[in-house]
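S.K.: Using our numbering, the first residue of the sequence shown is number 1, and each one after it goes up by one. What follows is a structure written as structure tokens; I'll ask about it next.
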Amino acid sequence: MPPVAVFTPPAVALADLDGTLRERGYAVLAAADVAALAGVDAQALAALVPGWDDLPPDHYLKDGGRYRRRRHSCYVVTAAGVQPVPQRRHYQPVEYNALHGGMERWFEPVDPTAVTQPAWAALIRALAQACWRQAPGPRWHVEAHQFRIDTTDGVGRPTPEGAHRDGVDFVAVFLVGRQAIRGGETRVFAAQRREGERFTLSEPWSLLLMEDARVIHESTPILPLDPARPGHRDTLVLTFRAAAFLGDD
1 MPPVAVFTPP
11 AVALADLDGT
21 LRERGYAVLA
31 AADVAALAGV
41 DAQALAALVP
51 GWDDLPPDHY
61 LKDGGRYRRR
71 RHSCYVVTAA
81 GVQPVPQRRH
91 YQPVEYNALH
101 GGMERWFEPV
111 DPTAVTQPAW
121 AALIRALAQA
131 CWRQAPGPRW
141 HVEAHQFRID
151 TTDGVGRPTP
161 EGAHRDGVDF
171 VAVFLVGRQA
181 IRGGETRVFA
191 AQRREGERFT
201 LSEPWSLLLM
211 EDARVIHEST
221 PILPLDPARP
231 GHRDTLVLTF
241 RAAAFLGDD
């Protein structure tokens, strides 16, 4: 197998997060800075990882694939804290998701064993605060998605809808882990200019934070390093929207 090019993520120091996000519309943080941002240690983040081992299959994939597993829960974040809301649909208009838009998709909630870990609320709260520093407001409507993309079908597609925006205000993508795969390159493009960047998130709990209106993003398909040994890519995606949950306004 020929060597696979890996492009180093353009991580910035935690002190530069706000300025970089404001200037470029996206920023990458290394895992140590993610932990510092959330006020937790590496062990607290690692305690979340087992939650990716029992994700139910995504039965809504229109391409017929079996490569995606996920859970989904929603929250409202205010100055008072992170408040879970009753389980609800995940909805995207077709203008943001041409493949799966216009569907009311209902997924199993994030397991309580993950939600009760201290790092879970700490991550949501820290990212909400980072978003408030860009766009002050009274609350964020947050959707939390646990994803596992695997190579059951030979190829796993992290973004089967292709390069896209999510229809929210901010999107945070955490790389939780990669096992026995190649590919899964992250690509971020300016929405209004002909420029972009490509890199591979490989460090567990590294973060890509984006202002959704300003950038388009995708992740390339993953392949197994060994066809006889399936692999996977785990991510946590948090979306932040000020007005309401997407589809409710």
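Quick reminder that beta carbons are idealized off the backbone N, C-alpha and C, glycines included.
#1: I need the straight-line Cα distance from residue 37 to residue 135, nearest angstrom please.
#2: Go ahead and pull the three-state DSSP assignment for residue 50.
#3: When DSSP labels each residue in this structure, what does residue 231 get in the three-state scheme?
#4: Using 8 Å as the cut-off, can you tell me whether the stretch 108-127 makes contact with the stretch 215-232, which would need three or more C-beta pairs spanning the two stretches below that distance?
#5: So, residue 68 versus residue 147, is the Cβ gap smaller than 8 Å?
#6: With H, G and I counted as helix, E and B as strand and the rest as coil, what does DSSP make of residue 17?
#7: Give a yes or no on whether the C-beta atoms belonging to residue 195 and residue 30 are separated by under 8 Å.
#8: Quick one: measure Cβ to Cβ for residue 130 and residue 209, integer angstroms, because I've assumed they're closer than 8 Å.
#9: According to DSSP, what are the bridge partners of residue 330?
#10: Do you know offhand how far residue 44's Cα is from residue 34's?
#11: So what does DSSP say about residue 201, is it helix, strand or coil?
#12: In chain order, which continuous runs of the beta strand (DSSP E) of length 3 or greater are located wholly inside the stretch 30-112?
#13: Check whether the stretch 112-127 and the stretch 43-58 touch, using three or more Cβ-Cβ pairs below 8 Å as the test.
#14: When burial is assigned at 16 or more other CB atoms within 10 Å of the CB, is residue 40 buried or exposed?
#15: Could you check what DSSP says for residue 11 in three-state terms: helix, strand or coil?
#16: My output table needs one value for residue 123: the three-state DSSP class, helix, strand or coil.
#17: Quick one: grab the DSSP three-state call for residue 146.
#18: Between which two residues does the beta strand (DSSP E) containing residue 246 stretch?
#19: For the putative contact between residue 8 and residue 199, defined by C-beta atoms under 8 Å, what is the C-beta separation to the nearest angstrom?
#20: So, are the CB atoms of residue 180 and residue 238 less than 8 Å apart?
#21: Would you call the stretch 69-78 in contact with the stretch 163-172, where contact means no fewer than 3 C-beta pairs closer than 8 Å?
#22: Would a C-beta distance cut-off of 8 Å place residue 82 and residue 125 closer than the cut-off?
#23: Give me the DSSP bridge partner(s) of residue 187.
M.R.: For this structure:
#1: Locating residue 37 in the sequence shown gives position 37, where the first residue counts as 1. Locating residue 135 in the sequence shown gives position 135, where the first residue counts as 1. Distance between the alpha carbons of residue 37 and residue 135 is about 18 Å.
#2: Working through the sequence shown from its first residue, we reach residue 50 at position 50. Looking at residue 50 - three-state DSSP - the assignment turns out to be helix.
#3: As a first step, residue 231 is located in the sequence shown; it is residue number 231 there, counting from the start. Residue 231: coil per DSSP, three-state reduction.
#4: no
#5: Counted from its first residue, the sequence shown places residue 68 at position 68. Counted from its first residue, the sequence shown places residue 147 at position 147. For residue 68 and residue 147, yes; Cβs fall inside 8 Å.
#6: Here residue 17 corresponds to residue number 17 of the sequence shown, with the count starting at 1. Three-state DSSP puts residue 17 in a helix.
#7: Locating residue 195 in the sequence shown gives position 195, counting from the first residue. Locating residue 30 in the sequence shown gives position 30, counting from the first residue. Against a cut-off of 8 Å, the Cβ pair of residue 30 and residue 195 comes out as no contact.
#8: By one-based count along the sequence shown, residue 130 stands at place 130. By one-based count along the sequence shown, residue 209 stands at place 209. Right, their Cβ atoms sit about 7 Å apart.
#9: Past the edges of the chain, shown from 1 to 249, lies residue 330, and the structure says nothing about it.
#10: As a first step, residue 44 is located in the sequence shown; it is residue number 44 there, counting from the start. As a first step, residue 34 is located in the sequence shown; it is residue number 34 there, counting from the start. Each residue's alpha carbon lies about 12 Å from the other.
#11: One-based indexing of the sequence shown puts residue 201 at position 201. Three-state result, residue 201: coil.
#12: 68-78, 81-84
#13: yes
#14: By 1-based counting over the sequence shown, the position of residue 40 is 40. Answer is buried; the Cβ neighbour count reaches 16.
#15: The residue labelled residue 11 in the question sits at position 11 within the sequence shown. Of the three classes helix, strand and coil, the one that applies to residue 11 here is strand, per DSSP.
#16: Reading the sequence shown from its first residue, position 123 is the one you call residue 123. It is helical.
#17: The sequence position of residue 146 within the sequence shown is 146, counting from 1. Strand at residue 146.
#18: As a working note, residue 246 is residue 246 in the sequence shown. Neither: residue 246 is in no beta strand (DSSP E) and is coded neither H nor E.
#19: Position 8 of the sequence shown, counting from 1, holds the residue named residue 8. Position 199 of the sequence shown, counting from 1, holds the residue named residue 199. Indeed they touch by this definition, with Cβ atoms about 6 Å apart.
#20: As a working note, residue 180 is residue 180 in the sequence shown. As a working note, residue 238 is residue 238 in the sequence shown. The answer is no: Cβ separation not under 8 Å.
#21: no
#22: Within the sequence shown, residue 82 is the residue found at index 82, counting from 1. Within the sequence shown, residue 125 is the residue found at index 125, counting from 1. Yes, these two residues count as a Cβ contact at 8 Å.
#23: Against the sequence shown, residue 187 aligns to sequence position 187. Answer is 198, 218.
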